[in-house]
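Trainee: My questions all concern the structure below.
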Amino acid sequence: MEIWINPRCSKCRSALTELDAAGLEYTVRRYLEDPPTVAELEQVLERLGLDPWDITRVDEAVAKELDLRSWGRTAADRDRWLAALAEHPILVQRPIITADDGHAVVARTPEALRSVLP
(Lines of atoms letter the chains of each structure in order from A; the text may use other names.)
(Lines give C-alpha, C1' and ligand atoms only; values in the text may rest on other atoms or scores of the structure.)
Protein backbone atom coordinates (compact mmCIF):
# COMPACT_ATOMS: atom_id res chain seq x y z
CA MET A 11 0.00 0.00 0.00
CA GLU A 12 1.19 3.49 -0.81
CA ILE A 13 -0.18 6.83 0.33
CA TRP A 14 0.53 10.10 -1.43
CA ILE A 15 0.60 12.90 1.11
CA ASN A 16 1.36 16.51 1.76
CA PRO A 17 2.53 16.54 5.41
CA ARG A 18 0.91 19.96 5.91
CA CYS A 19 -2.53 18.54 5.03
CA SER A 20 -4.73 17.62 7.99
CA LYS A 21 -6.60 14.95 6.00
CA CYS A 22 -3.26 13.34 5.12
CA ARG A 23 -2.19 13.33 8.76
CA SER A 24 -5.54 11.83 9.78
CA ALA A 25 -5.22 9.13 7.14
CA LEU A 26 -1.74 8.22 8.42
CA THR A 27 -3.08 8.01 11.96
CA GLU A 28 -5.87 5.67 10.84
CA LEU A 29 -3.50 3.45 8.84
CA ASP A 30 -1.19 3.24 11.87
CA ALA A 31 -4.08 2.47 14.21
CA ALA A 32 -5.14 -0.37 11.88
CA GLY A 33 -1.58 -1.73 11.98
CA LEU A 34 -1.21 -1.53 8.21
CA GLU A 35 2.12 -1.46 6.42
CA TYR A 36 2.43 1.30 3.84
CA THR A 37 4.87 3.47 1.99
CA VAL A 38 4.60 7.25 2.24
CA ARG A 39 5.15 9.30 -0.88
CA ARG A 40 5.52 13.02 -0.34
CA TYR A 41 4.30 13.78 -3.81
CA LEU A 42 5.30 17.46 -3.71
CA GLU A 43 8.93 16.42 -3.19
CA ASP A 44 8.69 13.33 -5.42
CA PRO A 45 6.14 14.32 -8.08
CA PRO A 46 4.35 11.60 -10.00
CA THR A 47 5.08 11.25 -13.69
CA VAL A 48 2.35 11.35 -16.31
CA ALA A 49 2.59 7.55 -16.52
CA GLU A 50 2.17 7.18 -12.76
CA LEU A 51 -0.78 9.55 -12.79
CA GLU A 52 -2.39 7.50 -15.58
CA GLN A 53 -1.92 4.29 -13.56
CA VAL A 54 -3.43 5.81 -10.43
CA LEU A 55 -6.34 7.29 -12.35
CA GLU A 56 -7.05 3.90 -13.91
CA ARG A 57 -7.11 2.34 -10.44
CA LEU A 58 -9.31 5.16 -9.16
CA GLY A 59 -11.64 4.96 -12.16
CA LEU A 60 -11.39 8.74 -12.51
CA ASP A 61 -10.24 11.38 -14.97
CA PRO A 62 -7.45 13.88 -14.25
CA TRP A 63 -9.87 16.75 -13.64
CA ASP A 64 -11.55 14.62 -10.95
CA ILE A 65 -8.40 14.70 -8.79
CA THR A 66 -7.42 18.31 -9.50
CA ARG A 67 -7.46 20.97 -6.81
CA VAL A 68 -8.93 23.80 -8.90
CA ASP A 69 -8.81 26.34 -6.07
CA GLU A 70 -5.00 26.31 -5.79
CA ALA A 71 -3.26 29.52 -6.88
CA VAL A 72 -1.56 27.80 -9.81
CA ALA A 73 -4.91 26.41 -10.96
CA LYS A 74 -6.28 29.93 -11.05
CA GLU A 75 -3.19 31.13 -12.94
CA LEU A 76 -3.72 28.35 -15.50
CA ASP A 77 -7.48 29.05 -15.54
CA LEU A 78 -8.17 25.34 -15.11
CA ARG A 79 -11.88 25.91 -14.57
CA SER A 80 -12.14 26.94 -18.23
CA TRP A 81 -10.33 23.84 -19.56
CA GLY A 82 -12.30 21.21 -21.44
CA ARG A 83 -13.08 17.91 -19.79
CA THR A 84 -13.13 15.48 -22.66
CA ALA A 85 -10.87 12.66 -23.79
CA ALA A 86 -9.15 15.14 -26.09
CA ASP A 87 -8.25 17.33 -23.07
CA ARG A 88 -6.90 14.50 -20.92
CA ASP A 89 -3.22 14.86 -21.90
CA ARG A 90 -3.28 18.59 -21.13
CA TRP A 91 -4.64 17.91 -17.65
CA LEU A 92 -2.12 15.13 -17.00
CA ALA A 93 0.74 17.39 -18.04
CA ALA A 94 -0.49 20.12 -15.67
CA LEU A 95 -0.73 17.68 -12.75
CA ALA A 96 2.76 16.31 -13.43
CA GLU A 97 4.24 19.80 -13.75
CA HIS A 98 2.37 21.22 -10.74
CA PRO A 99 1.87 18.38 -8.22
CA ILE A 100 0.25 20.79 -5.74
CA LEU A 101 -2.80 20.41 -7.99
CA VAL A 102 -3.18 16.71 -7.13
CA GLN A 103 -5.93 15.95 -4.63
CA ARG A 104 -4.74 14.22 -1.46
CA PRO A 105 -4.35 11.83 0.20
CA ILE A 106 -4.41 9.14 -2.47
CA ILE A 107 -4.04 5.58 -1.26
CA THR A 108 -3.20 2.74 -3.63
CA ALA A 109 -4.11 -0.51 -1.92
CA ASP A 110 -2.33 -3.80 -2.41
CA ASP A 111 -5.52 -5.38 -3.78
CA GLY A 112 -5.38 -3.10 -6.82
CA HIS A 113 -7.92 -0.44 -5.97
CA ALA A 114 -7.20 3.12 -5.01
CA VAL A 115 -9.07 5.91 -3.23
CA VAL A 116 -8.83 9.61 -2.69
CA ALA A 117 -9.12 9.30 1.08
CA ARG A 118 -10.62 12.69 1.88
CA THR A 119 -13.69 11.25 3.57
CA PRO A 120 -13.87 8.73 6.43
CA GLU A 121 -15.84 6.39 4.15
CA ALA A 122 -13.17 6.41 1.46
CA LEU A 123 -10.45 5.84 4.02
CA ARG A 124 -12.36 2.95 5.61
CA SER A 125 -12.52 1.24 2.20
CA VAL A 126 -8.79 0.44 2.47
CA LEU A 127 -8.86 -0.62 6.12
CA PRO A 128 -9.25 -4.28 7.11
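Heads up, the sequence shown is in the numbering used here, so the first residue is 11 and it goes up one at a time. For glycine and all other residues, C-beta sits at the position ideal for the given N, C-alpha and C.
Measuring alpha carbon to alpha carbon, tell me which of L127, W91, T84 and A86 ends up nearest D77.
Mentor: Residue 77 sits at position 67 when you count from the first residue of the sequence shown. Taking only the C-alpha atoms, the option nearest D77 is W91.
Trainee: Is the segment 58-67 in contact with the segment 24-42, if contact means three or more CB pairs nearer than 8 Å?
Mentor: Short answer: they don't touch.
Trainee: Note the first and the last residue of the continuous beta strand (DSSP E) segment covering R39.
Mentor: As a first step, residue 39 is located in the sequence shown; it is residue number 29 there, counting from the start. Note, R39: beta strand (DSSP E), T37 to R40.
Trainee: May I ask which residues mark the beginning and end of the beta strand (DSSP E) holding T108?
Mentor: Taking the first residue of the sequence shown as position 1, residue 108 is located at position 98. Taken as a continuous stretch (DSSP letters only), the beta strand (DSSP E) holding T108 covers I106 to T108.
Trainee: Secondary structure at W81, three-state DSSP: helix, strand or coil?
Mentor: Indexing the sequence shown from 1 puts residue 81 at position 71. The answer is coil: DSSP assigns W81 none of H, G, I, E or B.
Trainee: Check whether the Cβ atoms of L95 and T66 sit closer than 8 Å, and answer yes or no.
Mentor: By 1-based counting over the sequence shown, the position of residue 95 is 85. By 1-based counting over the sequence shown, the position of residue 66 is 56. Yes.
Trainee: A114 by DSSP, collapsed to three states: which one?
Mentor: Position 104 of the sequence shown, counted from the start, is the residue given in the question as residue 114. Note: A114 maps to strand in three-state DSSP.
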